[in-house]
Amino acid sequence: MTGRDKFIVVALIGLMVVASVAAIAADQNPAAGDPAYGGTYVEGVAGVPQYLNPVIAATDVDEDVSRLAFSGLTRYDQTGAIVPDLASAFHTESDGRIWTFDIREDATWHDGQPVTADDVVFTVKLLQDRGYVGPYSDAFRGVTVDRIAPRTVRFTLPDVYGPFADSTTVPLLPSHLLGNVPYAELSRQPFNASPIGTGPFRVSEIDARQIVLLRNDDFYRTRPARARPYLDKVILRFYPDSTEALLALSRGEIDGVGGLSSEDAERARSLKGAVLYSLPTDNFVSLFLNVRPDRVVFRDRQVRQAIAYAIDRGGVLRLAADGRGTVADEFVPSGSWAYVKDVTKYTFSTEDAKALLDQADWKDHDGDGIRDKGGQKLAFSISTSDEPARMAAATEIQRDLNAVGMSVTVKSMPFGLLVDSVARQRTFDALLVEIAVSGDPDPYTFFHSTEVNDPGHNFSGFSTLPIDRNLEAARRTFDEAARRELYAPAFQAISKEVPVVFLYFSDYLYAQSRQVQGLRIAPLTDPRERFWNVEDWYVKTAPKR
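Using our numbering, read the sequence shown as starting at 51 and increasing by one per residue.
Now the structure itself:
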């Protein structure tokens, strides 16, 4: 699975705290020696870079470099909590409308210049530019940002916004290098090929084969325990896909590769010198049902409920992801603080599906094997990408639904076409996609009435006034228990109405050489977060490359 086959939604949506993550190998916990300075870690990545700039990052490689070379005011720690990063501390006032951050005195850019409030103001202004339509476009909407002192910055929100802390994880850009550059000119700057950041590693060399990053000897986060990261270098080596990168791992040419398919994961398990990690995420694979007035079939709630009963989620997970994931009942996994227990659950039952359809008079009146009602056939299509895992899921769903008397066809296409011509235009009957969510578990963008059209992500077009009110109220408090109470009736209504069938939460499959030590499992908010503690990684030996 690649990042291209996902909708990336940075709508301030959050990750569960992962209590345990499976390291799948004969020896699941390779013995670690004492950490040692020196050595190089080489990771194979699928694709090539375009903009080594976190604000305009366009490829997975761009995102990886952003995580290695840049940092934000805050970050997620190993428990999934937001903690200071470039900030030394922060506090709120006026019931959460005012946020003040103090920046660490020892935080510097890779060129030695100090990180200041000017960098924060500059970065936020870029993200507020009308031309910016990236993943952070909602992060600071309506927010005023002010420089209070050289290392103090204040955000004033138009209203209390519960998920705001997640916005402050956005990586900063240096105002002393780019401060005079308007957003419209940002993509044409030499900076994008030789960036200056604040992260544990700095970009040193780029060629057609790889990006070389050298350790940041002045990295603030390793202090006071030690002076610098353990590794001397991190190299991101380019491959056409993760399969080719895995072959390089098997030959000992690289030390790690992520984003593996289920098939590649099986191959990785057989490598004696590697460990395969199956990292749970909140990314969910779902079937969105278009309930807009022109989609007659899905206007019937009993049809939607029958679809939920008829789909064998466990079977879909096994076929699409070799069982590496968790069957989903609702928008968030059971480990999330936002999880609501009392929702309608649709345990796989062909008989329950048939009974619901019979009750609603969706029967095979004309004897052609397809249920119908009032001359309307119970027939529709599922639109999805042509990626193998998605096709496997679609085929299993098609089989399950046809078995209860529906006529389902599958329309597969390249992911870009699916997004631009189908999902955004809302021209589908049912839409099978994986949603990659990052940050705070706020379902607003998927179920509020203001999000039914592009660029919103309410693909089903389902909304009610009570759900709108609950989602709005949940955004106006920071208290997780209060937010969960507000989410409960919304999630219960969604589970009863079934505008979307939640199928499963996917795992991120990551293989590393046993020579690599120091990886600590943490909530994986997105694939690049696998580097969250890269300054603590080390290699038992420093192989020559």
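Yeah, the Cβ is synthetic: ideal placement off N, Cα and C, and Gly gets one too.
Computed from a prediction, not measured in an experiment: that's the story for all the values here.
Exercise. For residue 544, does the three-state DSSP call read helix, strand or coil?
Worked result: helix
Exercise. Using DSSP with H/G/I as helix, E/B as strand and the rest coil, what is residue 152?
Worked result: strand
Exercise. With distances taken from CA atoms, which of 325, 543, 576 is nearest residue 355?
Worked result: 543
Problem set entry | residue 580, buried or exposed, once every other Cβ within 10 Å from all chains shown has been counted against 16 | buried
For this session: Give the straight-line distance between the Cα atoms of residue 460 and residue 545, rounded to the nearest whole angstrom.
Result: 25 angstroms
Problem set entry | Terminal residues of the beta strand (DSSP E) in which residue 404 lies | It is not in any beta strand (DSSP E) - residue 404 instead sits in the alpha helix (DSSP H) that spans 400 to 409.
Problem set entry | Neighbourhood of residue 374 by C-beta, 6 angstroms cutoff - its chain only, sequence neighbours within 5 removed | 328, 557
For this session: Can you tell me which of the three DSSP states residue 246 falls into?
Result: coil
Exercise. In chain order, what residues of the same chain have a beta carbon less than 6 angstroms from the beta carbon of residue 133, not counting five sequence neighbours either side?
Worked result: 127
For this session: Measure the alpha-carbon distance for residue 302 versus residue 110 and round it to whole angstroms.
Result: 23 angstroms
Exercise. From residue 97 to residue 405, what does the alpha carbon distance come to, in whole angstroms?
Worked result: 49 angstroms
For this session: Give the C-beta separation of residue 221 and residue 122 to the nearest angstrom, bearing in mind that I take them to be a contact with Cβ-Cβ under 8 angstroms.
Result: 5 angstroms
Exercise. For residue 352, which residues from the same chain have a beta carbon less than 6 angstroms from its beta carbon, with the 5 sequence-adjacent residues on both sides left out?
Worked result: 406, 410
Exercise. Going by DSSP, what residues sit across from residue 306 in a beta bridge?
Worked result: 93, 562
For this session: Leaving aside the five residues before and after residue 262 along the sequence, list all residues of the same chain whose C-beta is less than 7 angstroms from its C-beta, in chain order.
Result: 254, 255, 283, 285
Exercise. What is the DSSP secondary structure of residue 590, reduced to helix, strand or coil?
Worked result: coil
Exercise. Between which two residues does the beta strand (DSSP E) containing residue 260 stretch?
Worked result: 260 to 265
For this session: List the whole-angstrom C-beta distance separating residue 137 from residue 114, where the pair is believed to meet the contact cut-off of C-beta under 8 angstroms.
Result: The Cβ separation is near 24 angstroms, so there is no contact.
Problem set entry | Opening and closing residue of the alpha helix (DSSP H) in which residue 496 lies | 494 to 497
Exercise. Can you give the beta carbon distance from residue 390 to residue 538, rounded, assuming they're within the 8 angstroms contact cut?
Worked result: 5 angstroms
For this session: Report back the beta-carbon spacing between residue 478 and residue 472 to the nearest angstrom; my notes put them in contact at under 8 angstroms.
Result: 5 angstroms
Exercise. For residue 341, which residues of its own chain have a beta-carbon under 7 angstroms away from its beta-carbon, when the five flanking residues on both sides are left out?
Worked result: 348, 349, 510, 511, 512, 549
For this session: Check residue 365 in the structure and name its three-state DSSP category.
Result: helix
Exercise. Cα-Cα, which of 499, 88, 315 is closest to residue 265?
Worked result: 88
Exercise. The beta strand (DSSP E) spanning residue 124 covers which residue range?
Worked result: 124 to 126
For this session: For residue 335, count neighbouring C-beta atoms within 10 Å of its own C-beta (all shown protein chains included) and say buried if the count is 16 or more, exposed if not.
Result: buried
Exercise. Can you tell which of 552, 420, 156, 363 has the C-alpha that lies nearest to the C-alpha of residue 278?
Worked result: 156
Exercise. Can you tell me the Cα-Cα spacing of residue 192 and residue 177, whole angstroms?
Worked result: 11 angstroms
For this session: Figure out for me which residue from 320, 167, 444 has the closest Cα to the Cα of residue 363.
Result: 444
Exercise. To the nearest angstrom, how far is it from the Cα of residue 206 to the Cα of residue 149?
Worked result: 7 angstroms
For this session: Could you give the DSSP three-state label for residue 333: helix, strand or coil?
Result: strand
Exercise. Quick one, which of 501, 403, 223 has its alpha-carbon nearest residue 421's?
Worked result: 403
Exercise. Just checking my contact of residue 325 with residue 564 at CB under 8 angstroms: how many whole Å lie between their CB atoms?
Worked result: 6 angstroms
Exercise. Where residue 215 and residue 426 are concerned, what is the direct C-alpha to C-alpha distance, given to the nearest angstrom?
Worked result: 49 angstroms
For this session: Could you spell out where the alpha helix (DSSP H) holding residue 279 opens and where it closes?
Result: Note, residue 279: premise wrong, no alpha helix (DSSP H); not H, not E.
Problem set entry | Within 8 angstroms, strictly: CB atoms of residue 233 and residue 85 | no
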